[in-house]
Amino acid sequence: MPTNAEVAELFRGIADILDVLGERFKPEAYRRAARSIESLTEELAAVAARNELRTIPGVGDAIEEKIREVLATGHLGYYDRLQKEVPPGILELLRVPGLGPKTARRFWTELGVEGPAELADAIRQGKLDGVKGFGPKKVEQVRRALAAVAGAPTARMPIEVAFPIAHRLLEGLRRAGGVEQLELAGSFRRGRETVGDLDVLATSSDPERVFDAFSRLPEVREVRLRGGTKETVLLQNGLQVDLRVVEPTAFGAAWLYFTGSKDHNVHLRSIARDRGLKINEYGIFRGEERIGGGTETEVYAALDLAWIPPELREDRGEIDAAAHGPLPPLVEEGDLRGDLHRHLPPDAGVREVDDLLAAARARKLAYVGVVVATAPPEGPVTRLGAAPLARLDAARSPGLTVLRGIEVGPGGPPPELGGVPSDYVIVRPPEGAAGAPPSRVPGGAVLVAHLGHDDAARAWGSWATAAGAAVEVGPGADRIDATAARAIREAGGRLAIPTGLGAPDDDPVAPLALRFARRAGAGPHDVQNCDAAAPLTRSGSKRRA
DNA sequence: GCCGTTTTCGGCCCGACTGTTTTCAGTCG
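In structure tokens form, the structure reads like this:
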């Protein structure tokens, strides 16, 4: 049975071939279906079994039938036939930056070139000289792009890896001066798990100065292109960054546009067109007249839509919802009232305890849970020292409840931890194996952390609901991303969001966990640590410190 | 190939940048 990702990849392959064959609208139709399928929270087979494939955005009669064929047989006759029409190497040419379907097709039909290696040979032999549309600059551009693409496949980067990089770039630009507003856009702002590039948007009275400063940042390896309003650079690590500078009056329209997603933009613009309006990155227009664009809200309002949070802008029904009034509120940083998963360093002393509690008070948290002992499925048993433990228990603060947590595997606390008094349990599933939830519930379990298995998310979500537990969301290999968080919510489970208490500014875990939860559509009621009081603990009473 | 509170047919977002051209095609996002 093919996975959703494999079916999406198949449809992208179809789109590429159709592109080279010169089809006009079909390629985008297949790509749109591919994007939708990728973002599903369950297997296609389950959707097909309920006969609901047509409810997937971009899936109509023809694509539904193709999905059913692939699910049933593992093959698609249509794709097999298409593959015979175009040499495989031509499709590789589409991966070369600056080469598109039109150009690839010309290389193939006019020069007999059938792949990247042959194209490089053709350039060396001067076969492109004098070909219409290929001057010396274009040939050199293609030659360099071919050389670059040979060594570096362009993979999307996990957002938690991009986070500190984006943080540094913005810091650098601010320090250089000349920028007024400065924001990230693109899939980064939408909180996607991976980013293909970074989009940075600025307003400035002196764009040239901003571009100059950007080009000189130490992270920048080379400037790819530069015009009056945008500059594209490549970082040392290969990540591409686009910087746009716009007028302050157009900031909202530009931020909306560059945040995407593409499908969201296309839908908005088609609504505008139906109403005799036009949206571009400079504003929203009726004829020549500009009727808004300073803020995103103005643009949405001109279409009688409520403002839509970036995390939801995927054209998965959010636009229809916004037409009927404000969307249900998503969880915000200020909604977080406590944190039940703080670790202290193994050699923590009294000082670290005091710092953590001071940070909790500064954030006005109502409760904080500190892990005092761990016996995870893998790794050694660790315990907090006697002195910091005493300090923790002795902490006195009218507003702050302090709790002791122990972190254990699905089987519950091992004998080694028998003597450790605790208020609640953090369950940590074993790494690697797509572990099924335990059949019995460890007494007073309130949190599942470091789950990391997308496939198991739905099952753990159901289990957590029954256990009165929450599942921790966040970036990284052993955490839960937005898609899995959505599956947990659909299974009736609640989420927990780390607060980042005491973490440095560029630490990605807390801000991205919040974005993932929002992307999963979670409001404050769906998040355990938005509750005003600490969850019920195993003793049935809260440890008032 | 998809889609529809004008539509089951006839549309399908919009502009920047580059290189090659004397007004535009291709690519990209």
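Residue numbering for the first sequence follows my numbering, starting at 46 and increasing by one per position.
For each residue, glycine too, the CB sits at the ideal point set by N, CA and C.
Residue range of the alpha helix (DSSP H) that includes residue i
i    : result
G383 : No alpha helix (DSSP H) holds G383; the beta strand (DSSP E) holding it covers G383 to R387.
N96  : Per DSSP, N96 belongs to no alpha helix (DSSP H) and is neither H nor E.
A511 : A502 to A512
V311 : K307 to D319
V398 : V395 to A407
K275 : First-last for K275: K275 to L280, but that is the beta strand (DSSP E), not the alpha helix (DSSP H).
R524 : Where R524 is concerned, there is no enclosing alpha helix (DSSP H), given that its DSSP letter is neither H nor E.
I451 : Unbroken run through I451 is the beta strand (DSSP E), T446 to V453; no alpha helix (DSSP H).
K129 : Where K129 is concerned, there is no enclosing alpha helix (DSSP H), given that its DSSP letter is neither H nor E.
T148 : P146 to L156
A548 : Neither: A548 is in no alpha helix (DSSP H) and is coded neither H nor E.
V554 : V554 to R564
I353 : Segment: none, I353 is in no alpha helix (DSSP H) and carries neither H nor E.
Spatial distance of residue i from residue j (CA atoms)
i    : j    : result
S586 : L410 : Note that S586 scores 39 on pLDDT, short of 50, meaning its location in the model is unreliable and no value can be drawn from it.
G337 : Y345 : 9 angstroms
A567 : W508 : 18 angstroms
V52  : E109 : 12 angstroms
D571 : P373 : 12 angstroms
I204 : V176 : 42 angstroms
F56  : P47  : 13 angstroms
R320 : E343 : 16 angstroms
V493 : V472 : 5 angstroms
G103 : K147 : 25 angstroms
G339 : T294 : 5 angstroms
G241 : L284 : 8 angstroms
P425 : G444 : 35 angstroms
L229 : E377 : 18 angstroms
A107 : L243 : 35 angstroms
G463 : G454 : 14 angstroms
R563 : G370 : 18 angstroms
Neighbour-count burial assignment, residue i, 16 or more Cβ in a 10 Å radius
i    : result
V268 : exposed
R588 : Bear in mind that a pLDDT of 39 at R588, under 50, signals an unreliable position, so the number given afterwards is only what the model happens to contain. By the 10 Å Cβ count, R588 comes out buried.
E334 : exposed
L270 : exposed
P520 : buried
S315 : exposed
F296 : buried
T266 : First, the amino acid is wrong: residue 266 is Arg here, not Thr. Answer is exposed; the Cβ neighbour count stays below 16.
H120 : exposed
N96  : exposed
A502 : buried
R77  : buried
D349 : exposed
For residue i, the first and last residue of its enclosing beta strand (DSSP E)
i    : result
K18  : One cannot answer for residue 18 here, as it falls past the ends of the chain, which runs 46 to 590.
G328 : G328 to R331
L262 : Element bounds for L262: n/a, residue is neither H nor E.
N325 : K323 to N325
V426 : Run containing V426: none; DSSP gives neither H nor E here.
G414 : Y412 to A420
V290 : Q285 to V291
R76  : Element bounds for R76: not the beta strand (DSSP E) but the alpha helix (DSSP H), K71 to E83.
G457 : Here G457 belongs to no beta strand (DSSP E), and DSSP marks it neither H nor E.
Same chain, Cβ closer than 6 angstroms to residue i, neighbours up to 5 away in sequence not counted
i    : result
T510 : G537 and G538
E83  : A53
A541 : L492, A515, E517, Q573 and N574
T419 : T427 and E452
S584 : Note that S584 scores 44 on pLDDT, short of 50, meaning its location in the model is unreliable and no value can be drawn from it.
Of the residues the options, the one placed nearest residue i, counting alpha carbons only
i    : options                   : result
V413 : D384, I82 and Q226        : D384
A591 : A50, E73, T48 and Y123    : Residue 591 is absent from the model: the chain starts at 46 and stops at 590.
W300 : V286, Y327, E397 and L402 : Y327
L375 : W505, L401 and C575       : C575
Q281 : F179, A207 and A317       : A207
G223 : T248, G231 and P209       : T248
A515 : D523, A522 and G506       : G506
P474 : R77, G450, I62 and R524   : R524
Q128 : I324, I62 and A579        : I62
R436 : P421, A403, P460 and A548 : A403
Q186 : F152, S260, L156 and G143 : G143
Q125 : L138, K111 and V286       : One point to set straight first is that residue 125 is Asp, not Gln, in the sequence displayed. Comparing Cα-Cα distances from D125 to each of L138, K111 and V286, the minimum goes to K111.
H495 : E535, P549 and V554       : V554
7 angstroms Cβ shell around residue i - same chain, five flanking residues per side excluded
i    : result
A478 : With a pLDDT of 49 at A478, under the threshold of 50, the modelled position of that residue is not reliable, and the figure given next carries that caveat. Nothing listed; no residue qualifies.
R331 : G321 and L322
N310 : Y302
R219 : L227
Proximal residues to residue i (C-beta, below 8 angstroms), its chain only, five neighbours per side dropped
i    : result
T274 : P252, R289, V290 and V291
P433 : L389, A393, G394, V395, E397 and V398
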